[in-house]
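First residue of the sequence shown? That's 1 in full-length UniProt numbering, and the numbers climb one at a time after it.
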Amino acid sequence: MPRPYGRQTHLTVVGLSQREDTHRLSPIRRLPAELMVAILIDAIVDEKAASKKEGRSPHSWLKFLHVCGTWRQLIYTKSSLWTEFNATSADVTQYMLDRSGAQKAVVKGCMRGYPEERCEGILSVLQRESRRLESLDLDMHTETWRGYCLGNPEPWMLDELESLTVAMPMFWYAQAHLPFSTAKLKTLESKNFDFRAIWPLMGPTLKKLVVRLDAALQTPRAVHATIRAVPNLEDLTLHVRLWRINLIDYLVTPQSITLPCLKRIELYINSEEHLRLLALLQYPITASTTFQLDCQDSLVVSALISGVSQAVNDVVARQGLHHCTMGEFNTSGIQITFARSRQEMEAGMSEQEFKLAVSGYQVDQEANSMGQLAQHLAPAFALIEHLQFPRATNRNDRRAHACKVLFRAMIGVRELEAVGGKAAQFLWQILAPRPAQGTTGAGRLCPNLENVTLRWMPFGWPEEESKIDKAFRNLLSFAQCLQVGKYRTNLTIVDGINLPDEVVDRVRSIMVNLGWGGQIVVRGGWKL
Numbered sequence: 001m002p003r004p005y006g007r008q009t010h011l012t013v014v015g016l017s018q019r020e021d022t023h024r025l026s027p028i029r030r031l032p033a034e035l036m037v038a039i040l041i042d043a044i045v046d047e048k049a050a051s052k053k054e055g056r057s058p059h060s061w062l063k064f065l066h067v068c069g070t071w072r073q074l075i076y077t078k079s080s081l082w083t084e085f086n087a088t089s090a091d092v093t094q095y096m097l098d099r100s101g102a103q104k105a106v107v108k109g110c111m112r113g114y115p116e117e118r119c120e121g122i123l124s125v126l127q128r129e130s131r132r133l134e135s136l137d138l139d140m141h142t143e144t145w146r147g148y149c150l151g152n153p154e155p156w157m158l159d160e161l162e163s164l165t166v167a168m169p170m171f172w173y174a175q176a177h178l179p180f181s182t183a184k185l186k187t188l189e190s191k192n193f194d195f196r197a198i199w200p201l202m203g204p205t206l207k208k209l210v211v212r213l214d215a216a217l218q219t220p221r222a223v224h225a226t227i228r229a230v231p232n233l234e235d236l237t238l239h240v241r242l243w244r245i246n247l248i249d250y251l252v253t254p255q256s257i258t259l260p261c262l263k264r265i266e267l268y269i270n271s272e273e274h275l276r277l278l279a280l281l282q283y284p285i286t287a288s289t290t291f292q293l294d295c296q297d298s299l300v301v302s303a304l305i306s307g308v309s310q311a312v313n314d315v316v317a318r319q320g321l322h323h324c325t326m327g328e329f330n331t332s333g334i335q336i337t338f339a340r341s342r343q344e345m346e347a348g349m350s351e352q353e354f355k356l357a358v359s360g361y362q363v364d365q366e367a368n369s370m371g372q373l374a375q376h377l378a379p380a381f382a383l384i385e386h387l388q389f390p391r392a393t394n395r396n397d398r399r400a401h402a403c404k405v406l407f408r409a410m411i412g413v414r415e416l417e418a419v420g421g422k423a424a425q426f427l428w429q430i431l432a433p434r435p436a437q438g439t440t441g442a443g444r445l446c447p448n449l450e451n452v453t454l455r456w457m458p459f460g461w462p463e464e465e466s467k468i469d470k471a472f473r474n475l476l477s478f479a480q481c482l483q484v485g486k487y488r489t490n491l492t493i494v495d496g497i498n499l500p501d502e503v504v505d506r507v508r509s510i511m512v513n514l515g516w517g518g519q520i521v522v523r524g525g526w527k528l
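What follows is the structure, encoded as structure tokens:
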């Protein structure tokens, strides 16, 4: 078990005795009935949240039925506890709905692996009780959806439905609509459904729209019409591929699309058609934004980055997003996040973010992609004051060399932070001294750098015989990166792993003798 440096816990006999006496003062038999009920309800709420987070069965809270007869009776009579469940069979679905009484229900039905007869049983129960559903999540086989969408199916009367998620494993071309009638729908998430299928669900009450459709191309007209039908959107995610517009579309100038209430937008961009769509959208500059640039076609990399650069530069400058996080996107790509500083958000300012994910490029094209980013986003990069590298998984010398191009554009960086050992190693590869160049990497790339922070970095491992020497070499190499003549660049280590005090003192002494004007600050620490 890890333990902090300089922190030891001593349990005395007197302390243990006092603990036991404290517990004896409050025997469970003397607790008021109201408190026992509150404990049960809180325990169930916590169990539901934990099972959802850990991916366990949503019905795990039913284990409290076996604690005692009193709690069993209470659970049976508390209808609000039965409102959220997975529809695993027709009997379970009907039982849970009966137990929930008149309460609105939140139902999730992931039925891809179920036989057709079992799916039909669950759907018949849900359709019969559709007026009570508040949230519905259906993920079924394409064949099952086909049976419910083709022809003129009887519509589901979802009078109280506020959230709907529909998904199937593959796209299906069909002139069909989802047989759902909603009047209060606020959230719609669709995966692999054509825009024509979800069109009847569009309306002024919709606040959140998520459309993911990777396998089939959509016409720009269909996308434009869909967005115009939901003018009160607050959250929009579009991950769709677009047809190249024809000559008629070129001759007709589409009208702009105004979304005055938008607070968050996420767009997938891989063609000039997406850039034209982006140019039509008008929404508040305060909206949190994510652009996912797919650069598999090397011929359009420059056009894509140039097409979004104005939006990035304007938002970063006007909103003061001077904190930047550089992380990985999928297995090959980079995600750059602009945000406000931690102090500004603690002071009550909005937590607005602007994320730019660039992926899909070939390894030999990475340097070119980084160069395009540095060129077109130079105004935004120049405003960065705090740059952070989160935990990394796929860093190497080639990527470090490519990212140096971005560093040269970040002339205003004052704070550098690396989280984890691999991120720190990647940062060292960028800042490492190059004797032939006459100056250190830090001085060449970040002339205004004031402090470098390393969090949770392992300096040595227990199984190594010379772990103290390894920690010494690691710390000294980082300190030497920051030796920039007259500049006072400090090194702060937060919760370093296996970094003895004698190593820190030894490196401090060496750096002072070398004329370094910075300091080494250590906060916390762990020994493994």
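Built from N, CA and C at the ideal position, the CB exists for glycine as well.
Treat the numbers as computed from the prediction; the structure is a model and nothing was measured.
Looking only at C-alpha atoms, which of the options sits nearest to residue i?
i	options	result
H274	P220, T286, A432 and S256	P220
Y76	N86, V363, L97 and S57	L97
S130	N474, E47 and Q103	Q103
Q429	M140, A400, R146 and D194	A400
I411	F389, L383 and P390	L383
S225	T165, I257 and L164	Looking at the sequence itself, residue 225 is Ala, so the reference to Ser does not match. Cα-wise, what sits closest to A225 is I257.
P390	K422, H59 and Q480	K422
T144	Q255, T492 and A167	A167
K404	L445, R244 and L158	L445
S163	Y148, S477 and M202	M202
E154	L123, L161, D294 and Q94	L123
G113	K470, L138 and T337	L138
G147	L377, C481, E116 and N192	E116
I336	S271, R241, N498 and F291	F291
H376	H386, Y361, L356 and E385	L356
Let me check one thing: in DSSP terms, what residues is residue i bridge-paired to?
i	result
H386	H323 and E415
N86	K108
P458	I497
T219	Partner(s): none; T219 has no beta bridge.
Q94	In DSSP, Q94 forms no bridge with anything.
R212	K191 and H239
N490	N451
L136	V107 and L164
L62	None; L62 has no bridge partner.
T290	E266 and K355
Within 10 angstroms of the Cβ of residue i, are there 16 or more other Cβ atoms? Answer buried if so, exposed if not.
i	result
Q437	Its pLDDT being 49, under 50, Q437 is placed unreliably by the model, and the measurement read from it follows with that caveat. Exposed, because fewer than 16 other Cβ atoms sit within 10 Å of the Cβ of Q437.
R408	exposed
V13	Note that V13 scores 40 on pLDDT, short of 50, meaning its location in the model is unreliable and no value can be drawn from it.
M170	exposed
I44	buried
Q372	buried
N474	buried
G518	buried
P204	exposed
P260	exposed
P458	buried
Q310	exposed
V363	exposed
I285	exposed
T253	exposed
D501	exposed
F513	Here residue 513 turns out to be Asn, not Phe, going by the sequence shown. The residue is exposed, with fewer than 16 neighbouring Cβ atoms inside 10 Å.
A353	Ala is not the amino acid found at residue 353; the sequence shown has Glu there. It is buried - the Cβ of E353 has at least 16 other Cβ atoms within 10 Å.
A183	exposed
H322	buried
E54	exposed
V107	buried
N152	exposed
L217	exposed
S80	exposed
D505	exposed
For this session: Decide if the segment 395-415 is in contact with the segment 446-453; the criterion is three or more beta carbon pairs, one per stretch, under 8 Å apart.
Result: yes
For this session: Evaluate contact between the segment 301-308 and the segment 321-328, counting only Cβ atoms and requiring at least three cross-stretch pairs below 8 Å.
Result: no
Exercise. Can we say the segment 362-369 touches the segment 343-352, given the rule of at least three CB pairs closer than 8 Å?
Worked result: no
Exercise. Where in the segment 144-205 do unbroken runs of the beta strand (DSSP E), each at least 3 residues long, occur, reported from the N-terminal end onward?
Worked result: 156-158, 163-167, 180-182 and 187-191
For this session: Report yes or no: do three or more beta-carbon pairs, one from the segment 230-241 and one from the segment 250-265, lie closer than 8 Å?
Result: yes
For this session: Give, in chain order, every unbroken run of the alpha helix (DSSP H) that is at least 4 residues long and sits entirely within the segment 233-276.
Result: 247-251
For this session: Identify every run of the alpha helix (DSSP H) within the segment 292-377, keeping only runs that are complete inside it and at least 4 residues long; order them along the chain.
Result: 301-319, 342-346 and 366-376
Problem set entry | Those runs of the beta strand (DSSP E) which lie wholly inside the segment 502-528 and span at least 3 residues | 520-523
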